[in-house]
Structure formats: structure tokens, C-alpha cells
Ligand code: NAD
């Protein structure tokens with residue numbers, strides 16, 4: 004299943020890092036050693052980028068229909084290995100097999116959606132002021148794409164980037180999270196098996212500041228597509244910006260879910276639980292702020308906390324992540340916040356934090372604006388809709404937002420005025436599907452949308468082609 008060592012995958016071959024070094028990767032669920040990961044650096048990145056540069060022109064020569072057919076083969080092959088992939092994802096992330104299966108299915112569906120785009124891949128025609136001139140706009144590949152991903156939904160994060168990147172005629176170098184090397188390696192293996200040419204999909208494993216930074220700095224990379232934290236994203240944008248490379252950043256969130264006085268409280272509690280704690284709260288779209296009208300606050304709190312006390316959120320990814328979360332909870336308490344449930348490490352091996360609910364935290368406290376990326380949420384009490392909306396928008400991030408209300412007027416005003424890339428009415432702060440563009444405003448990203456046809460804009464460039472159809476007459 005998971006090999007004892009997870010190597011790089013360059014030019015169609017599995018290779019160790021040039022350094023010969025390996026990093027230990029532990030199981031979040033019990034802390035035991037799971038595998039060892041190639042510790043790559045600049046030399047490995049250089050080899051992978053060179054392989055991608057060699058492979059890309061011939062890949063781009065194929066029709067987009069043919070590339071789409073290979074993406075479909077890839078999705079079919081992944082579907083055949085669904086159980087194996089799900090087990091790998093569950094082992095390396097610590098999430099349940101059920102969640103891992105859902106993620107694997109989402110990655111496969113993304114493959115089918117992107118494959119279909121090979122049959123559309125529409126360009127445009129436009130008018131021209133000059134007679135006898137035909138103008139069309141067509142998509143062109145960008146070149147070599149560096150894809151840097153986070154650990155939280157490793158297979159889906161990789162699928163969202165690799166499928167559209169190769170459909171559009173790019174070759175890619177993927178740097179998965181050091182916490183989730185095995186699912187990315189398995190995907191590269193399946194690419195080879197279905198006939199994606201060597202060098203089109205390369206994987207360089209390793210640490211962010213080593214393998215990741217070398218990839219960002221490599222002048223042979225034309226496009227950087229990154230999913231991860233705002234801190235890393237800012238550094239990538241600055242570094243790649245110096246050579247004016249194209250950069251797509253999908254970053255964090257501090258997503259708010261509003262519970263109005265006319266909400267169905269049962270639905271609001273269910274949505275809040277799943278939004279705050281599923282995948283151990285390690286979701287960019289997790290509801291880390293729950294904003295409740297004063298008149299229903301106490302009833303909501305009672306019902307939500309009693310469910311949260313029984314909620315098994317799952318382990319977080321690593322010891323350092325757990326310690327960072329515990330520090331944040333202690334800081335919130337020091338600032339006057341109260342822990343209503345959870346707040347402590349569970350007494351078992353691995354990195355388990357009980358689902359944690361806080362209240363009484365000031366909206367301008369650090370913990371109210373910093374993304375925690377764990378099973379911790381904060382309740383805020385507000386007078387009315389205007390105060391709720393102001394609190395929702397009082398955030399450096401703007402990824403997703405949700406409101407629970409029976410009022411169509413409130414729902415529509417919220418949809419219009421919440422500063423977020425995704426808004427949900429009477430549901431959780433999630434709900435993305437392969438055909439829906441996903442991304443945020445403010446520090447949640449740089450304006451791109453991944454998934455959907457919008458993803459094609461990340462991985463292709465528009466070219467306007469002017470043809471003078473009758474030169475003798477102009
Ligand atoms: P992270 O920024 O620590 O790491 C993300 C990736 O970047 C990893 O592969 C890491 O090795 C690499 N990296 C780290 N430092 C680097 C550097 N200097 N140069 C190049 N690469 C480097 O983030 P994480 O902890 O893996 O993921 C959590 C974050 O991801 C959260 O902020 C979450 O909201 C965000 N996220 C966003 C989305 C989205 O679609 N918006 C989806 C999932 C996760």
C-alpha cells in the first residue's frame with residue numbers, strides 16, 4: 004500500500020532525492036511511523052523542471068480533445084483504485100475512511116469534469132471595426148506549471164491542479180505537502196500507467212522552505228499555482244513576482260456562519276457542527292466564527308455545545324499543529340475568552356484535540372482574525388443583522404460565509420454584501436463541486452477561481468488572432 008519510502012517522480016521514473024536524505028512521516032491517528040519521504044532540494048527541482056520543459060512542447064502539440072481523453076482514462080483508473088487511494092489518504096491525514104472516500108470521489112469527479120472540457124474548450128470570435136478582418140480568441144498553454152499543495156484534502160487539492168494544468172497543454176512539477184506525500188506519488192504512478200507521457204507530471208517531495216522554495220525560485224517555471232496559508236502565499240507572490248511569473252494563490256479563511264433569530268436552530272446546529280469540526284477543522288472553508296443573534300444565543304449555545312461535546316473531530320496533522328492550536332486556545336482564555344467545551348489534548352496517542360467551542364473573545368483579538376486550521380470555533384453574540392454582517396466582513400479573509408434565516412430579504416442582502424467568494428444560505432460554509440469556481444476575496448487568494456471552467460483561465464493564456472481575409476480590399 005504505502006511504500007516504506009516515498010520517492011520523487013521525475014521524467015517517468017521514481018528517484019530518491021539527490022541528497023539521499025529522507026524525512027520521517029508519522030500517522031496523525033497514533034503517531035507511529037508511516038513512511039519516509041524524499042528530502043528534495045534545488046537539484047531535484049532542477050531535474051524535474053528540465054524534464055517538464057522537455058516534455059511540454061510535444062504534449063501541447065496534441066489536440067486538447069486527445070489530452071482530455073487521457074484525463075478521462077486517468078479518472079477511470081483512479082476510480083478502479085478508489086479503495087486503495089482512500090486508504091492512503093486516510094492513513095496519511097488521519098481522517099476517517101468515509102471522509103477519505105468522499106475526497107477520493109471528489110478528485111475522480113474533477114477528472115471527469117475536466118476531461119469533458121477537452122470537448123468544449125471554447126474560444127471566442129469577436130467583431131472588428133475594420134472590414135475583412137476576422138478575430139478569434141484561443142487558449143494557449145502557459146508552459147511549465149509548479150503546483151504546490153496543502154495537506155488537508157491531499158488528493159482533491161492535487162486533482163484540482165493537475166487535471167486542468169495538463170488538459171490545457173502544460174507540463175507540471177507538483178510539490179505536495181510533506182505531510183501527505185503518498186497520495187501524490189500514487190497519482191503520478193497512475194498517470195504513467197494510463198500513458199501520460201514521461202515528464203508531463205513530475206512530483207518533487209520534501210519540505211516547503213527547501214523543495215517548495217527552490218521550485219518557486221526556478222526561472223524555468225512559468226506559472227505557480229499554490230494552495231496553502233496566506234503566510235507562504237505572500238512569500239511566493241513576492242518571489243515569483245520579481246520575475247513576473249503568473250501566480251494563482253488559493254489561501255486561507257476565517258469563515259463566518261450567521262444564525263439569525265428566525266433560523267431553524269436544528270439546521271443551524273447541524274451545519275455549524277459539520278462546518279466547524281469536520282476534517283478536524285482543517286478546511287479552508289471551515290466555520291471558525293459562529294455569529295448568533297442575541298435572542299437565540301443561549302438556546303443555540305446549549306444545543307451546539309452539547310453536540311460538540313460528543314463530536315469526534317479526528318486528529319490534526321502533526322504535533323506542531325496541535326501545539327499551535329493549544330497555544331491559541333490559551334491565548335484566547337488569557338484575553339478573557341471562555342472554553343465552553345474541548346480545549347484540551349485527548350489522552351491517546353497521535354494528535355487529537357477535542358472539538359473546542361469558545362465564547363467571550365473580543366472581535367479584535369488575534370484569535371478572532373487568525374486562521375487556526377483546527378477543530379476550534381468561536382461564538383459571537385450580536386444584536387441584529389447589521390451587526391452580524393459587519394462582524395462577518397471584519398476579517399482579513401473572504402473565502403466563504405453562511406447565513407441561517409427564514410427571511411428571503413436577509414438572505415439576499417447577505418448574499419449581496421458578505422465579502423466572500425462563496426455564500427451559502429441555510430447550509431454550511433462548504434458545498435463546492437467540480438463545475439463550480441472556488442476561491443475567495445481579500446487575503447483568501449489573488450482573485451483566481453479553481454475548479455469550474457474558471458480553472459482553465461489559471462492554466463491557459465488567451466491569444467487574440469487577427470486574420471485579414473481580403474488584403475487587396477483594405
Ligand atoms: P502551508 O502554507 O504551510 O503549506 C502549503 C504548501 O506550501 C506545502 O506543500 C508546503 O510544503 C509548501 N511551502 C511551505 N513553505 C514554502 C515556501 N517557502 N515555498 C514554497 N512552498 C512552501 O499550508 P498548509 O498548512 O499545508 O495548509 C493550510 C492552509 O491551506 C490553510 O491556510 C488553508 O486555509 C489553506 N487551504 C486553502 C484552500 C483553498 O482552496 N483556498 C484549500 C485548502 C487549504
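In the numbering used here, the protein residues as written are 4 to 477. Every residue, glycine too, gets a C-beta built ideally from N, C-alpha and C. Since the model is a prediction, treat every value here as computed from it, not as a measurement.
Check: residue i C-beta below 6 Å from any heavy atom of the ligand NAD
{"i": "residue 215", "result": "yes"}
{"i": "residue 326", "result": "no"}
{"i": "residue 230", "result": "yes"}
{"i": "residue 363", "result": "no"}
{"i": "residue 3", "result": "The structure shown does not extend to residue 3, since the chain is modelled only from 4 through 477, so no value can be given for it."}
{"i": "residue 211", "result": "yes"}
{"i": "residue 11", "result": "no"}
{"i": "residue 25", "result": "no"}
{"i": "residue 451", "result": "no"}
{"i": "residue 355", "result": "no"}
{"i": "residue 223", "result": "no"}
{"i": "residue 280", "result": "no"}
{"i": "residue 258", "result": "no"}
{"i": "residue 195", "result": "no"}
{"i": "residue 96", "result": "no"}
{"i": "residue 374", "result": "yes"}
{"i": "residue 180", "result": "yes"}
{"i": "residue 155", "result": "yes"}
{"i": "residue 238", "result": "yes"}
{"i": "residue 317", "result": "no"}
{"i": "residue 342", "result": "no"}
{"i": "residue 253", "result": "yes"}
DSSP-derived helix/strand/coil call for residue i
{"i": "residue 207", "result": "coil"}
{"i": "residue 272", "result": "helix"}
{"i": "residue 114", "result": "helix"}
{"i": "residue 159", "result": "helix"}
{"i": "residue 355", "result": "strand"}
{"i": "residue 124", "result": "coil"}
{"i": "residue 300", "result": "helix"}
{"i": "residue 46", "result": "helix"}
{"i": "residue 314", "result": "coil"}
{"i": "residue 451", "result": "coil"}
{"i": "residue 252", "result": "strand"}
{"i": "residue 188", "result": "helix"}
{"i": "residue 9", "result": "strand"}
{"i": "residue 470", "result": "strand"}
{"i": "residue 419", "result": "helix"}
{"i": "residue 87", "result": "helix"}
{"i": "residue 429", "result": "coil"}
{"i": "residue 440", "result": "coil"}
{"i": "residue 257", "result": "coil"}
Cβ neighbour criterion (16 or more within 10 Å) applied to residue i
{"i": "residue 465", "result": "exposed"}
{"i": "residue 12", "result": "buried"}
{"i": "residue 28", "result": "buried"}
{"i": "residue 433", "result": "buried"}
{"i": "residue 477", "result": "exposed"}
{"i": "residue 305", "result": "exposed"}
{"i": "residue 133", "result": "exposed"}
{"i": "residue 467", "result": "exposed"}
{"i": "residue 522", "result": "Because the chain in this structure spans residues 4 to 477, residue 522 falls outside the shown range and cannot be described."}
{"i": "residue 47", "result": "buried"}
CA-to-CA distance, residue j to residue i, given in whole angstroms
{"i": "residue 350", "j": "residue 265", "result": "40 Å"}
{"i": "residue 395", "j": "residue 387", "result": "12 Å"}
{"i": "residue 4", "j": "residue 215", "result": "26 Å"}
{"i": "residue 380", "j": "residue 363", "result": "12 Å"}
{"i": "residue 119", "j": "residue 207", "result": "28 Å"}
{"i": "residue 444", "j": "residue 111", "result": "27 Å"}
{"i": "residue 200", "j": "residue 210", "result": "27 Å"}
{"i": "residue 97", "j": "residue 126", "result": "43 Å"}
{"i": "residue 137", "j": "residue 473", "result": "10 Å"}
{"i": "residue 254", "j": "residue 471", "result": "44 Å"}
{"i": "residue 177", "j": "residue 149", "result": "6 Å"}
{"i": "residue 109", "j": "residue 185", "result": "18 Å"}
{"i": "residue 440", "j": "residue 453", "result": "5 Å"}
{"i": "residue 85", "j": "residue 91", "result": "10 Å"}
{"i": "residue 262", "j": "residue 400", "result": "20 Å"}
{"i": "residue 69", "j": "residue 410", "result": "49 Å"}
{"i": "residue 430", "j": "residue 105", "result": "19 Å"}
{"i": "residue 144", "j": "residue 131", "result": "25 Å"}
{"i": "residue 30", "j": "residue 157", "result": "15 Å"}
{"i": "residue 89", "j": "residue 95", "result": "10 Å"}
{"i": "residue 79", "j": "residue 335", "result": "48 Å"}
{"i": "residue 393", "j": "residue 417", "result": "11 Å"}
{"i": "residue 43", "j": "residue 23", "result": "9 Å"}
Distance cut-off 6 Å: residue i Cβ against heavy atoms of the ligand ADP
{"i": "residue 43", "result": "The ligand ADP is absent from the structure shown, which contains only the ligand NAD."}
Q) Hey, which unbroken runs of the beta strand (DSSP E) at 3 residues or more fall wholly within the segment 324–388? A) 341–344, 359–362 and 379–385
Q.
Extract the residue ranges of the alpha helix (DSSP H) inside the segment 131–182, only unbroken runs of 4 or more that lie entirely within it.
A. 157–170
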